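S.K.: Protein chains in written order, with our numbering: chain A, 14 to 607; chain B, 121 to 276; chain C, 102 to 791.
Handing you a structure now.
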């Protein structure tokens, strides 16, 4: 999305909304339209239905706390068009005290959880939100962690000199030691969640077989620490309420306290099944902020690793999904192939999962000599292996019984909830960021975007299987394009100089010293590049302030949005189908809770 | 319907004749990558002096802030490293370390390197604070792997 | 503004500024950064480094913005291609001989040479030849190491020595490639202001010997605080590691107290925080000190205090290096719980009239002044104070007033002082003759006819202009301090109304101790208590049998023989402080470890009455606790628990109870402090009397 496009939409908005909209043209950005908070609902409806053909897909809304500025908070909405292949940022600004704005959840149902997250993390109220309560932090938490005046906290690192002085912190803090004293406990509205809990207590005794059960957070088939509250009528799910936040690690907050290359290591730990995909999304956003182009070889290798990551992520999904539904062999076979990919990751980066290999400016270092032969070995065997999995499952009657017609979601609902990735395409929406808004030169690769028709568990399964084939195709093409060359950009103010120089050149030594320790400086502005990981739309929204640290590091993660649609998919299902449905949307709690 | 089951069983049966991909850990171990990023080592120069000059660049690069360096003056009587400065204290809190390898990237003398040893389990917190006694290699000239790695990263 | 402003354009931004402003300053006012090395706002411009070159329309060549004043209508560019190229060139030259030392250099990470190279400089070297080498590092003074290879010849250090400290100990030697900074042959760089050159040096050429390899910016925490070296109240930044060790003190400019400088005794005098600490409570057992729990020690101390307070044989000495909150708590315990009148903050002899030096000066008719008044004064008179030793940073202020503004300095003391070199006149007194000498001076000022050899100084002081008298604490030691009071009154009369007087006290919170009444004053109920010195004498005679010694400073100033005899005669001693005094031979009945300034929050009041906050920078060592907290426990043990349980509450209580501090609020003190009400109150009292 170019600034000019934003300007064009803005001009139309001007005709409609007059002085209530203005154009933000911070440097290095795509630009965004700033809307008066009072018109946010009108504007959102206009954006969805009319603006430039309409933006049907709700990406996210995220907040930034510009402490000391008035108005204090920026709310940035990002919406996409699944038909016209573009996206739009628009903002509204709200101020202390008691910042509030109208909710857009009835216009875009997908805004529901994003608005709750902002309420939780920034204390901005969304009027008209049906279920406004904390989402990641526990309900008794004090304050709003992502506000800039909220202390980072944390436990000091122990060394021998201070070992005895530091005792591991516990939460909640002991009386009198509460570091968050002065922050009010948030008043929450009576919620469907609490209502469900209360009604659960009664329902268990109503004698009609209705009851509320907890599924998770310790449950093998919730794929992590997901807790589902299921209201059941016999075996049938009447209502499902996901409860998340058990794995919340404050990645966005921590990112603000680290410099850009250090923050990169946090992204590995978000979606731990797709570290390279996260590295890539983060690096692209930072590069966009700086205005940096990685060299050709780095870009081609990035594509190879992004696709390998997609395959290995899908392999974990397939293995565990099949295991959930009772097919054990597939699990072993998938992990066998995945290990081959992890071996390659270890080969190039030194570790199997937390790679931190793709970095702003290119790659940490070039691939090893034995990488390409290993990759070719893998590419050779993989299609056959994929065939084996399909033989095991695709026409297996038990598999069909468990997946077909289960966990259905319509195309309209999926788009409205902001579901992305194969979970969206299973419902027949042909929207893949690699095609819609290509990055890393994906437009030059020849590949198909598979779609389903029914939007059930089985179609999502088929989509992912086919995606692995397509990834295999892309890797083959990329490998043929791989030419020798540098893998890091020739921008010495961002990429540290080669180590051989720092023993001779004062300039190089200074740049090495500052970039590796204090970090490279990114200009004020915003960087945002949508990418497609194995799970769907992943984008980082980086706000730079001219310092070496991101002022705001927001991650719009696909699992978060996809999980939001789960209650919709579960309506009318059997409890056993919940297991199949959770498996089919392929969530990773690490990136949901961040 | 029955055909599909038989096909599936055929796949599983075929595995019996394939070479197993698993190893009998811990009796057998798979070879680590040449770039393996696990337990740290502090290297020495050929003449036995420590490479580390106590500059704390590793500590600055560390996203987990798990490195503690306290520098001191070298004297001619008791020389630990070339130049003015050496690390009197060099500690890594292995519980905090995320094994990203940024310390290795930052080190201007190629002193701190991450190696292939990944079996780091222990029993109490204190024993995860690795000091120079455990990090510093006793002999100059580490194994060939490390040397090759240093050449690869263009450090003399 | 009566002055016409000059309007100019810098990078398209219109700037209006006072005439005579340098371009670099005008740019800074407009928020435009021009890199500089030799320029420093407190030093005269030299234009040596060429880093600040800018393009001015109409000028054929680039111009050094640090030496060029603004002109009406000037059009300046600071970031066009020509300027950028020039900067790159300058930096390339500076780096040609710069050693590859960043990893071992103390400046690395907070180095302007690094920062500007990253921001404005080239990222590759073209220089392929061997670098110049010198021996290094050279220890050129007790506190300073010189690395000549790193020097970029900005001359800031040399200029500081010439213009600010006037200790001309550094010079520039040789020329061209061999140019170097150095000391004069055989002479060390031992100025007591040498440490400031470490801060001024924009590279790592001058580094501190005591703070060598203290750590890197990313390992070091910074906490605002106040120097405890003397009563100036210089603002400092405490640099710490791991929250457990103080590694460096750095200046933190506050125009009201320090004017941006520190002295070496203050800058490097933080060793007592890290070493030799009393880390756990001790109690006496069988003639030995044995470690005890806080409970045991408090119980023991409480018992001693209670027993002797009842018997009327308890004396209390509280250190003027403690925070006001600690002093207030001690005083509150003494006055309301123990009901002991014998409370003082020093055990040296002080003439009763001059115990409260500020009241002494006010009753002589002087208007209370502040250290800042020195910079506006026409005439400065120091009486009985050697500023260079007692308040080095104030000495710099006086030198600045004399050399940069032509103020007149008159030194009145027993001998020629360092500052005499800057004075128009030095009036010497013979010991025992102080009062008469001051009276003669007053007469010389008052009437020209009575100018007994002081005609010139009399004439000088008769001139119009703001006058400041700096009065030293040693005045109070004079046996005829009462008569000095009369002489001072005559002098105040002669100098005219509005003459400001700043009393130069001894310790960092001596003023706080005075404000809080930690001295034997007339008490309506119990009569006058004993002074510290009287307590020691009484101890020798057996009338005082127990001493609660809070900090060792009160005894440092006393006659050592007297202290020894008193200590030997005491029945019981309760010591509270951060380290056991090395001279202390007897085993204290209880020793209570308290925290130093680095480990707690609190306030100090500087010599002229500015209340400034200190902030906790490191964890308390061992089991030590802030003094006010210990006193709270004692009060509890004595059955009279205090209500204030936090330092903030103690402060609020103190402000409510102390006229001088009325109206102060904890959160409003900020990091720069507030002037107390003491001055206006004293001034009002003086006015009422007069």
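Using N, Cα and C, we set each Cβ at its ideal position, and we do this for glycine too.
Keep in mind the model is a prediction, meaning the values are calculated, not measured.
Rounded to the nearest angstrom, what separates residue 233 of chain A and residue 425 of chain A at their Cα positions?
M.R.: Using only the alpha carbons, I get a separation of about 31 angstroms.
S.K.: Under 8 angstroms: do the region 720–740 of chain C and the region 689–698 of chain C share three or more Cβ pairs, one atom per stretch?
M.R.: Taking 8 angstroms as the limit for Cβ pairs, the verdict is that the region 689–698 of chain C does touch the region 720–740 of chain C.
S.K.: Tell me which residue opens and which closes the beta strand (DSSP E) that residue 352 of chain A is part of.
M.R.: Premise fails: residue 352 of chain A lies in the alpha helix (DSSP H), 341–362, not in any beta strand (DSSP E).
S.K.: Hey, residue 370 of chain A and residue 283 of chain A: beta-carbon distance below 8 angstroms or not?
M.R.: Their beta carbons are not under 8 angstroms apart, which means residue 370 of chain A does not touch residue 283 of chain A by this criterion.
S.K.: Start and end of the alpha helix (DSSP H) containing residue 175 of chain B?
M.R.: Taken as a continuous stretch (DSSP letters only), residue 175 of chain B belongs to no alpha helix (DSSP H), as it is neither H nor E.
S.K.: Rounded C-beta distance between residue 549 of chain C and residue 479 of chain C? I'm assuming under 8 angstroms.
M.R.: Between residue 479 of chain C and residue 549 of chain C the Cβ distance is about 19 angstroms, and since that is not below 8 angstroms, they are no contact.
S.K.: Which one of C:340, C:326, C:330, C:335 has the shortest CA to CA distance from residue 316 of chain C?
M.R.: Taking only the C-alpha atoms, the option nearest residue 316 of chain C is C:340.
S.K.: Give the interface partners of residue 201 of chain C over in chain A, defined as CB-CB distance under 9 angstroms, in chain order.
M.R.: Neighbours of residue 201 of chain C on chain A, chain order: 515, 516, 517, 518, 519, 522.
S.K.: Taking its Cβ as the centre, do 16 or more other Cβ atoms sit within 10 Å of residue 232 of chain B, making it buried, or is it exposed?
M.R.: Buried is the call here.
S.K.: Threshold first: 4 residues or longer. Then list the alpha helix (DSSP H) segments lying entirely within the region 156–210 of chain C, N to C.
M.R.: Listed in chain order, they are 182–197.
S.K.: Once DSSP output is grouped into helix, strand and coil, what is the label at residue 301 of chain A?
M.R.: If DSSP states are grouped into helix, strand and coil, residue 301 of chain A belongs with the helices.
S.K.: For residue 170 of chain C, I'd like the list of residues in its chain whose CB is within less than 8 angstroms of its CB, leaving aside the five on either flank, ordered along the chain.
M.R.: Only 120, 121, 122, 123, 124 meet the Cβ criterion.
S.K.: Find the residues of chain A that neighbour residue 213 of chain B, judging by a C-beta separation of less than 9 angstroms, and give them in chain order.
M.R.: Correct list: 170, 171, 172.
S.K.: In whole angstroms, what is the alpha-carbon distance linking residue 770 of chain C and residue 246 of chain C?
M.R.: Rounded to whole angstroms, residue 770 of chain C to residue 246 of chain C spans 37 angstroms at the Cα level.
S.K.: Closer than 8 angstroms by C-beta to residue 257 of chain B: which residues in its own chain qualify, once you throw out the five before and the five after it? Chain order, please.
M.R.: Contacts found: 161, 162, 163, 164.
S.K.: Please name the residue, chosen from C:147, C:112, C:358, that lies closest to residue 130 of chain C on a Cα-to-Cα basis.
M.R.: Comparing Cα positions, the closest option is C:112.
S.K.: Taking three-plus beta-carbon pairs below 8 angstroms as touching, is the region 530–549 of chain A in contact with the region 322–332 of chain A?
M.R.: Yes, since at least three Cβ pairs between the region 530–549 of chain A and the region 322–332 of chain A fall closer than 8 angstroms, the two stretches touch.
S.K.: For the region 123–134 of chain B against the region 266–279 of chain A, are there 3 or more C-beta pairs whose distance is under 8 angstroms?
M.R.: The answer is no - the region 266–279 of chain A does not touch the region 123–134 of chain B, with fewer than three Cβ pairs under 8 angstroms.
S.K.: Which runs of the beta strand (DSSP E), 3 residues or longer, sit entirely within the region 275–350 of chain C?
M.R.: Within the region 275–350 of chain C, the complete beta strand (DSSP E) runs of at least 3 residues are 281–284, 307–309, 321–327, 336–342.
S.K.: Could you check what DSSP says for residue 97 of chain A in three-state terms: helix, strand or coil?
M.R.: Residue 97 of chain A falls in the coil class under three-state DSSP.
S.K.: Looking at the unbroken beta strand (DSSP E) that takes in residue 435 of chain A, where does it start and where does it end?
M.R.: Per DSSP, residue 435 of chain A belongs to no beta strand (DSSP E); it is in the alpha helix (DSSP H), 435–438.
S.K.: Alpha carbon to alpha carbon, how far is residue 161 of chain A from residue 264 of chain A? Give it in angstroms, no decimals.
M.R.: Roughly 14 angstroms separates the two Cα atoms.
S.K.: Relative to the alpha-carbon of residue 578 of chain A, which residue among A:245, A:483, A:241 has its alpha-carbon at the smallest distance?
M.R.: That would be A:241, whose Cα lies nearest to the Cα of residue 578 of chain A.
S.K.: Starting from residue 637 of chain C, trace the alpha helix (DSSP H) in both directions and tell me its first and last residue.
M.R.: Run containing residue 637 of chain C: 633–642, per the alpha helix (DSSP H) assignment.
S.K.: To the nearest angstrom, report how far apart residue 387 of chain A and residue 139 of chain B are at their CA atoms.
M.R.: Going from the Cα of residue 387 of chain A to the Cα of residue 139 of chain B covers about 18 angstroms.
S.K.: In chain B, which residues lie less than 7 angstroms from residue 320 of chain C when you measure between Cβ atoms?
M.R.: Those within 7 angstroms of residue 320 of chain C in chain B are 176, 179.
S.K.: Please report whether the beta-carbon of residue 194 of chain A lies at a distance below 8 angstroms from any beta-carbon of chain C.
M.R.: Bear in mind that a pLDDT of 46 at residue 194 of chain A, under 50, signals an unreliable position, so the number given afterwards is only what the model happens to contain. Judged by the 8 angstroms Cβ criterion, residue 194 of chain A is not in contact with chain C.
S.K.: Do we get a CB-CB distance below 8 angstroms when we pair residue 237 of chain B with the residues of chain A?
M.R.: Residue 237 of chain B does not count as touching chain A.
S.K.: Say whether the region 602–610 of chain C touches the region 573–591 of chain C, bearing in mind that this needs 3 or more beta-carbon pairs closer than 8 angstroms, one atom from each stretch.
M.R.: Yes: at least three Cβ pairs fall under 8 angstroms.
S.K.: How long is the line joining the alpha carbons of residue 699 of chain C and residue 327 of chain C, rounded to whole angstroms?
M.R.: Distance between the alpha carbons of residue 699 of chain C and residue 327 of chain C is about 9 angstroms.
S.K.: Around the Cβ of residue 499 of chain C, are there at least 16 other Cβ atoms within 10 angstroms (buried) or fewer (exposed)?
M.R.: Residue 499 of chain C should be labelled buried.
S.K.: Do you know whose CA, among A:252, A:473, A:109, lies nearest residue 224 of chain A's CA?
M.R.: The candidate whose alpha carbon is nearest that of residue 224 of chain A is A:252.
S.K.: Taking C-alpha atoms, which residue in A:488, A:60, A:106 lies nearest to residue 99 of chain A?
M.R.: Residue 99 of chain A has its Cα closest to that of A:60, out of A:488, A:60, A:106.
S.K.: On a Cα-Cα basis, can you pick out the residue from A:588, A:480, A:394, A:542 that is closest to residue 570 of chain A?
M.R.: Answer by Cα proximity: A:542.
S.K.: Quick one: residues in its chain with C-beta nearer than 6 angstroms to the C-beta of residue 449 of chain C, no 5 flanking neighbours on either side, listed in chain order?
M.R.: Cβ within range, chain order: 658, 659.
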